[in-house]
Amino acid sequence: MSDVWTDRLSEYLDDELPPRERAELESHLTGCAECSATLAELRRVVARAHALESTGPAGDLWPGIAARIGATPTSRTEGRRSAGAQGRFTFSLPQLLAAGIALMVLSGGSVWLLHAGSAATPVASVSPQPPADSGLGTPVSWQRRAAPRYDAAVADLERVLAEGRGRLDTTTVRVLEQNLRVIDQAIEQARRAVAADSANAYLNSHLAETMRQKLDLLRQAASLVSAAS
Amino acid sequence: MLFALVPALAALTLIQQIDSTVPVEKGQRLEVDLFAGDVDVKTWAKNAVRVVADPGGPGRVEIERSATALSVRTTGRRGPPSSTDITLTVPAWMALDISGVNTDITIAGARGSISAETVQGDVTAEGGEGLVSVKSVQGGVSLTGAKGRIDANSVNADVEVHRSSGEISTETVNGSIELVGTDATTLTATSVNGDLSYDGPVHAGGRYSLSTHNGDITLAMDEKTSAAVSVSTFNGEFESDFPVTLTETRKGKRFNFTLGSGSAQVTLESFQGTISLVRPGSQHHRDRDHDDDE
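Protein chains in written order, with the working numbering: chain D, 2 to 230; chain R, 979 to 1272.
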């Protein structure tokens, strides 16, 4: 990721390059293995994102959490539509970091953009149609606001579990917490790996996938609490 | 005691075992909601559902028939329902929607869609066509002979899918996933702390993604398969029963190779486990040898 074209690859994928630059880039791709590889990775990440199936959280819990984090879809159907049909992504390389993570965390009718730790270098910009009322003018500002949203969503769901744990069987609570620890450990290991190799698309998407699993498990836990109420 | 119930609500107080048979029509589905106790579903050739309930204490079993569904649920007089084992015999075509909390769910011979979910307990299903979803939080999930769009999930235990076919998605957090004799047109298998294995055909145009954080991945694949394979690991290893020619390597332990024309897309990712390509059928023998060694 060392030449002038790497930052234009996402525009190329989005068919946003002027014809002349497009032709120049295509010519460049024939002789630049690194850009070709990066483009292939981008395509793969986008393909994986498109293949994602949104999983809605517990219906009665979700509206409050969605409102808290600024997600606009009001139904699971809308959420699925937004994850699939609105999947227009603009990447700013050299790092695929946020791209991998954000795309893998499209979920539950909301789009959460994550990045690898608070100390992460300026990350790729991703503009998966931020909420209309968000006032997010640029991909960068959207990205900056996304990580707190993920943290807030996790905190909300953890609070639901903490407040509702008395309604669940103690064994179930223990199993849920044990599995959350397993995921947290994996997230921590993946974060350290990303910190050591921040341009590694696999590590970034793996981190995103693991964080997605934490969200899913927390949603499942919240759903159990809701069902037991 | 055999009851033929007319359509309407029939609430039966559980004083002794009940044995009721309710006529159903094609298109109606079975809904079962149980708090505790086991659900055992079998099939027969009749267009009727037989409900046999074994009470474990005071409470009620409610059987309700509507135009679209026959629903069976347990209710408690005060607090949660007592544990009740229920055996149901249903037409093979009937769609099944079964949920429980402290419940083992067993299904055999189903030919309709299946949705089976429990919290504490295992789900063991044989059959199912169309949408087949089997899930448990604390227990294991085993699915055999299903066809269609398959979703098999656990949180804290293993998932097994045998002799099934279709679009398969399977996930667990703290357990292994094993797909044997299974014909997936697309496959997603994900775990955090567990091994993954798939032994079945890799179809042209199909997408196969196996990803784990802390486990090994074993993919049975004939070297004549047409597939573009992407392998990624952070701190793991890769091994193959047959030689592969890398088409692309990237920083870290990431590389691609192509078999045949590369029409299927295969993604294998293990953060810190070993990724193995084996010849079809060899995984079973390896497991057996390993068991013998132990």
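Quick reminder that beta carbons are idealized off the backbone N, C-alpha and C, glycines included.
Starting from residue i, find everything on chain R with Cβ-Cβ shorter than 8 Å and list it in chain order.
| i | result |
| --- | --- |
| L204(D) | F1212 and G1230 |
| A38(D) | E1226 and R1228 |
| T172(D) | Q1098 and Q1116 |
| L158(D) | Going along chain R, no residue has its Cβ under 8 Å from L158(D), so there is no contact; the nearest lies around 15 Å. |
| A24(D) | Neighbours of A24(D) on chain R: none; closest Cβ ~25 Å, over 8 Å. |
Am I right that residue i and residue j are in contact with their C-beta atoms under 8 Å? What's the rounded C-beta distance?
| i | j | result |
| --- | --- | --- |
| E1107(R) | S1093(R) | Not really, about 13 Å apart at Cβ, beyond 8 Å. |
| G1144(R) | G1126(R) | 5 Å |
| L219(D) | L169(D) | Contact flag wrong, Cβ pair sits at about 13 Å. |
| L1048(R) | V1112(R) | That pair is no contact at about 21 Å. |
| V963(R) | A1205(R) | What is shown of chain R runs 979 to 1272, which leaves residue 963(R) out entirely. |
How is the alpha helix (DSSP H) around residue i delimited, first residue to last?
| i | result |
| --- | --- |
| H1140(R) | No alpha helix (DSSP H) holds H1140(R); the beta strand (DSSP E) holding it covers V1137 to H1140. |
| R23(D) | P20 to G32 |
| E12(D) | L10 to L14 |
Going by DSSP in three states, residue i sits in which element: helix, strand or coil?
| i | result |
| --- | --- |
| H116(D) | Model confidence at H116(D) stands at a pLDDT of 30, short of 50, so the residue's coordinates are unreliable; what they give is reported in the following sentence. H116(D) falls in the coil class under three-state DSSP. |
| N1234(R) | strand |
| T211(D) | helix |
| T1190(R) | strand |
| D217(D) | helix |
| S998(R) | strand |
| T1021(R) | strand |
| V1097(R) | coil |
| T172(D) | helix |
| A194(D) | helix |
| E1009(R) | strand |
| G1037(R) | coil |
| G1178(R) | coil |
| D1080(R) | Sequence inspection shows Asn at residue 1080(R); the Asp mentioned does not correspond to that position. Residue state, collapsed to three classes: strand. |
| D1173(R) | coil |
| R1051(R) | strand |
| D152(D) | helix |
| A59(D) | Confidence is the limiting factor: at A59(D) the pLDDT is only 41, short of 50, which leaves the residue's position unreliable, though a coordinate-based value still follows. Coil, per DSSP. |
| S37(D) | helix |
| L177(D) | helix |
| N205(D) | helix |
| S1254(R) | strand |
| A229(D) | helix |
| E164(D) | helix |
| E1217(R) | strand |
| A187(D) | helix |
| S128(D) | The predicted model places S128(D) with a pLDDT of 31, which falls under 50 and marks its position as unreliable, so this point remains unresolved. |
Name, please, each residue of chain D whose Cβ falls closer than 8 Å to the Cβ of residue i.
| i | result |
| --- | --- |
| H1191(R) | A187, Q190, A191, H207 and T211 |
| V1151(R) | N180, V183, I184, Q214 and L218 |
Starting from the beta carbon of residue i, find every residue of chain R whose beta carbon is closer than 9 Å, and list them in chain order.
| i | result |
| --- | --- |
| L14(D) | The contacting residues do not exist; L14(D) stays about 18 Å from chain R at best. |
| L225(D) | V1079, V1097 and V1115 |
| A154(D) | Within chain R, no residue comes near A154(D); the closest Cβ sits about 18 Å away, beyond 9 Å. |
In chain D, which residues lie less than 7 Å from residue i when you measure between Cβ atoms?
| i | result |
| --- | --- |
| V1170(R) | V183, I184, A187, T211 and Q214 |
From the DSSP output, read off the bridge partner residues of residue i.
| i | result |
| --- | --- |
| T1160(R) | Answer is none; T1160(R) lacks a bridge partner. |
| G1105(R) | A1088(R) |
| Q1243(R) | R1185(R) and A1206(R) |
| A222(D) | A222(D) is not bridged to any residue. |
| P1069(R) | W1022(R) |
| F1249(R) | Partner(s): none; F1249(R) has no beta bridge. |
| I1064(R) | V1017(R) and A1031(R) |
| T1211(R) | K1231(R) and S1248(R) |
| V1112(R) | A1094(R) and A1130(R) |
| D1075(R) | E1009(R) and S1093(R) |
| L158(D) | None, per the DSSP bridge assignment. |
| L43(D) | Its beta-bridge partners do not exist; DSSP assigns none. |
| A1167(R) | T1148(R) and L1188(R) |
What does residue i reach in chain R if we use C-beta pairs closer than 7 Å?
| i | result |
| --- | --- |
| T31(D) | The premise fails here: T31(D) is roughly 16 Å from chain R at the closest Cβ pair, so nothing lies under 7 Å. |
| A194(D) | F1212 |
Specify, as a first and last residue, the run of the beta strand (DSSP E) that residue i falls within.
| i | result |
| --- | --- |
| G1087(R) | I1083 to A1088 |
| S1204(R) | Careful: S1204(R) lies outside any beta strand (DSSP E) and carries neither H nor E. |
| E1226(R) | L1224 to R1228 |
| A1124(R) | That residue, A1124(R), is in no beta strand (DSSP E); it is neither H nor E in DSSP. |
| E1145(R) | S1143 to E1149 |
| A1045(R) | Here A1045(R) belongs to no beta strand (DSSP E), and DSSP marks it neither H nor E. |
| T1196(R) | I1195 to A1198 |
In chain D, which residues lie less than 9 Å from residue i when you measure between Cβ atoms?
| i | result |
| --- | --- |
| V1133(R) | V176, L177, N180, L218 and Q221 |
| E1247(R) | Y203, S206, H207 and E210 |
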